[in-house]
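Peer 1: Under the working numbering, think of the first position of the sequence shown as 1219, with each following residue one higher. For every residue, glycine included, the Cβ atom is placed at its ideal position computed from N, Cα and C.
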Amino acid sequence: MANQQLGKIGVWLAYPQATPELARELEALGYGAIWVGASPAADWEGYEALLAATETLTVGTSIVNVWATPAKDIAATYHRLAEAYPGRFLLGVGIGHPEHATEYTKPYDALVNYLDQLDEHGVPRERRALAALGPRVARLAADRTAGPLPYLTVPEHTAALRAQLGPDALIVTEHKAVLDADPATARATARGTVGFYLGLSNYVNNLHRYGFDDADTAQPGSDRLIDALVAHGTPDEVADHLLAHVRAGADQVAVQPLGGDPLPILRTLAPLLTAKLA
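(1) What is the DSSP secondary structure of residue 1284, counted as helix, strand or coil?
(2) Note down the Cα distance separating residue 1294 from residue 1338, rounded to an integer number of angstroms.
(3) Touching or not, the stretch 1326-1342 and the stretch 1252-1260, by the rule of three or more beta carbon pairs under 8 Å?
(4) Note the first and the last residue of the continuous beta strand (DSSP E) segment covering residue 1335.
(5) Using a Cβ-Cβ cutoff of less than 6 Å, which residues in the same chain neighbour residue 1310 once the five nearest sequence positions on both sides are dropped?
(6) From residue 1247 to residue 1404, what does the alpha carbon distance come to, in whole angstroms?
(7) Does residue 1430 come out as helix, strand or coil in the three-state DSSP assignment?
(8) Give me the Cα-Cα distance between residue 1253 and residue 1263, rounded to the nearest whole angstrom.
(9) Which residue from 1249, 1283, 1243 and 1288 puts its Cα closest to that of residue 1271?
(10) Nearest CA to the CA of residue 1486: which residue from 1452, 1468 and 1470?
(11) Return yes when the Cβ of residue 1227 is within less than 8 Å of the Cβ of residue 1470, no when it is not.
(12) State the start and end residues of the unbroken beta strand (DSSP E) segment that holds residue 1308.
(13) For residue 1301, which of 1423, 1418, 1269 and 1328 has the nearest alpha-carbon?
(14) Near residue 1289, which residues of its chain fall below 6 Å by C-beta distance, leaving aside the five closest residues on each side in sequence?
(15) Do residue 1391 and residue 1449 have their CB atoms nearer than 8 Å?
(16) Measuring CA to CA, which of 1225, 1273 and 1402 is closest to residue 1210?
(17) Within the stretch 1403-1476, note down every full alpha helix (DSSP H) run reaching 4 residues or more, in order along the chain.
(18) Leaving out the 5 sequence neighbours to the left and right, which residues in its chain are closer than 7 Å to residue 1446 when beta-carbon positions are compared?
(19) Take residue 1412 as the anchor and find which of 1475, 1353 and 1308 has the nearest alpha-carbon.
(20) Whose C-beta lies closer than 8 Å to the C-beta of residue 1307 among residues of the same chain, with five residues either side of it excluded?
(21) Which value, in whole angstroms, describes the spacing of the CA atoms of residue 1283 and residue 1369?
(22) To the nearest angstrom, how far is it from the Cα of residue 1478 to the Cα of residue 1237?
(23) Return yes when the Cβ of residue 1467 is within less than 8 Å of the Cβ of residue 1354, no when it is not.
(24) Cβ of residue 1460 within 8 Å of Cβ of residue 1375?
(25) Run through the DSSP bridge pairs and tell me what residue 1398 is partnered with.
(26) Assuming residue 1430 contacts residue 1443 (C-beta within less than 8 Å), just tell me the rounded distance between them.
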């Protein structure tokens, strides 16, 4: 595993939400990592601020886009942070989406080339991870990095990744959560985020691999799809839904809270998740 201190539960937050104060509280609550979503450029000072504010929390990028950030730049950031905070920075990289890139040609080759450059710049295999959904890129993740970082998916996918990649690959699966016992309002909150991804072919194609059809993935997403992709209900129900990824073989589930301020959700879930893992 890339980091024995990673723990079974982490948090995924868009980078503007990831403040030093929040990171400090997450560490105190028992979360093992904070994954900085839609990671900004390599020179973002926030990476160091999050590490400086905490003592054991892992900070991971989820993800640095290979089209947007030269490998040499993120490698320099990696080495600076690894020297100052040994074993606490995990570099997640990924290809992004064809809908959002003007040069999205031969994406697999671009990933291989980027990983080659990270090798040249001395970023260790075990301290990097790769956004991966399909089996080919998942295999690349296991062969050339610590493992895959699946996003917007279901426990069946996590189980398939574990079966494909074996026991040694690091698998950190993001999953969204809404603390709301009213299914109608919970789904409305969920659709406010999930709808964006239903316009991206890589996510839709992956969902089709796991039993969802065009009717499910058409905007705004069927109830069945939303219920699978976003844990909602009582705190106990949400915790059980999230931990289905761990039971399916994930090393860690990274909770993405939806619906405003992330702290109330994360404060409520932390003791339940910890107790259920005991």
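Peer 2: From the atom records:
(1) Residue 1284: coil per DSSP, three-state reduction.
(2) Roughly 12 Å between the two C-alpha positions.
(3) Verdict: no, contact absent.
(4) That residue, residue 1335, is in no beta strand (DSSP E); its alpha helix (DSSP H) goes 1325-1338.
(5) The beta carbon of residue 1310 sits closer than 6 Å to the beta carbons of 1278, 1279, 1280, 1281, 1347 and 1367 from its chain, once the five residues preceding and following it are set aside; these are given in chain order.
(6) Rounded to the nearest whole angstrom, the C-alpha separation of residue 1247 and residue 1404 is 25 Å.
(7) In the structure shown, residue 1430 sits in coil (DSSP, three-state: anything other than H, G, I, E or B).
(8) Pairing residue 1253 with residue 1263, the inter-Cα distance amounts to about 15 Å.
(9) Of the listed residues, the one whose Cα sits closest to residue 1271 is 1243.
(10) When C-alpha distances from residue 1486 are compared across 1452, 1468 and 1470, the shortest belongs to 1452.
(11) Residue 1470 places its beta carbon less than 8 Å from that of residue 1227.
(12) First-last of the beta strand (DSSP E) with residue 1308: 1307-1312.
(13) Selection 1423, 1418, 1269 and 1328 evaluated against residue 1301 yields 1269 as nearest (Cα-Cα).
(14) The beta carbon of residue 1289 is closer than 6 Å to those of 1332, 1335 and 1336 in its chain, skipping five residues each way along the sequence.
(15) No, they are not a contact pair.
(16) Given that the chain is displayed from residue 1219 to residue 1496, the structure contains no residue 1210 and the question cannot be resolved.
(17) Complete alpha helix (DSSP H) runs here, min 4: 1419-1427, 1432-1435, 1441-1447 and 1453-1465.
(18) Here the set comprises 1372.
(19) The candidate whose alpha carbon is nearest that of residue 1412 is 1475.
(20) For residue 1307, where only same-chain residues beyond five positions count, the Cβ hits under 8 Å are 1265, 1269, 1276, 1277, 1278, 1296, 1299, 1300 and 1345.
(21) C-alpha separation (whole angstroms): 15 Å.
(22) Going from the Cα of residue 1478 to the Cα of residue 1237 covers about 15 Å.
(23) Their beta carbons are not under 8 Å apart, which means residue 1354 does not touch residue 1467 by this criterion.
(24) No, the pair does not count as a contact, with Cβ atoms beyond the cut-off.
(25) Looking at the DSSP assignment, residue 1398 forms a beta bridge with 1451.
(26) Confirmed, Cβ separation roughly 6 Å.
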